[in-house]
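Heads up: the structure comes next, in structure tokens.
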Amino acid sequence: MNPFNAPDLSLTTEQVSEALLGELRSFLLQIRKHCLASRLAAQPADAFTEGEAAAFLSAVVLIAAALLPRASLHSIECEALAVQHEARFLLRRSWASVAGLRRA
Numbered sequence: 865m866n867p868f869n870a871p872d873l874s875l876t877t878e879q880v881s882e883a884l885l886g887e888l889r890s891f892l893l894q895i896r897k898h899c900l901a902s903r904l905a906a907q908p909a910d911a912f913t914e915g916e917a918a919a920f921l922s923a924v925v926l927i928a929a930a931l932l933p934r935a936s937l938h939s940i941e942c943e944a945l946a947v948q949h950e951a952r953f954l955l956r957r958s959w960a961s962v963a964g965l966r967r968a
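Note that my numbering has the sequence shown beginning at 865, numbered continuously upward.
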């Protein structure tokens, strides 16, 4: 059977919640990989900015708020906040290390 013609299956809130948490974790891994590569290449981490990261994370939380009940929303909000703090730290750290290499 062609998966694009398959009948719609109902998703549970747990499945939606896990999918959104997976997206958040995947985004953090992308930022980690990019920051590590930029630090090794001694080039600024310009693919992600703090504003773009915050916009993506707030969009995920808004989607979760529209799809999930309040009890399930809490874990998404907490994970998004943790990802935002770590992403901001990683981006600032990689910018600072590249700036330090350029001064030396």
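C-beta atoms are modelled at their ideal positions from N, C-alpha and C, and glycine is treated no differently.
From what residue to what residue does the alpha helix (DSSP H) around Gln907 run? For this step, residue 907 is matched to residue 43 along the sequence shown. Note, Gln907: premise wrong, no alpha helix (DSSP H); not H, not E.
Consult DSSP for Leu875 and reduce its assignment to one of helix, strand or coil. Here residue 875 corresponds to residue number 11 of the sequence shown, with the count starting at 1. It is coil, neither helix nor strand.
For a quick check, are the C-beta atoms of Ser902 and Ser958 less than 7 Å apart? Here the question's residue 902 lines up with position 38 in the sequence shown. Here the question's residue 958 lines up with position 94 in the sequence shown. Less than 7 Å separates the beta-carbon of Ser902 from that of Ser958.
Member of Leu937, Cys899, Leu892 and Glu943 whose CA lies at the smallest distance from the CA of Ala960: Here residue 960 refers to the residue found at position 96 when the sequence shown is read from its first residue. From the listed residues Leu937, Cys899, Leu892 and Glu943, the smallest Cα separation to Ala960 is found for Cys899.
For a quick check, are the C-beta atoms of Arg877 and Leu932 less than 7 Å apart? For the purposes of this step, residue 877 is taken as residue 13 along the sequence shown, with counting starting at 1. For the purposes of this step, residue 932 is taken as residue 68 along the sequence shown, with counting starting at 1. Residue identity differs from the one stated: residue 877 is Thr in this sequence, not Arg. The answer is yes: Cβ separation under 7 Å.
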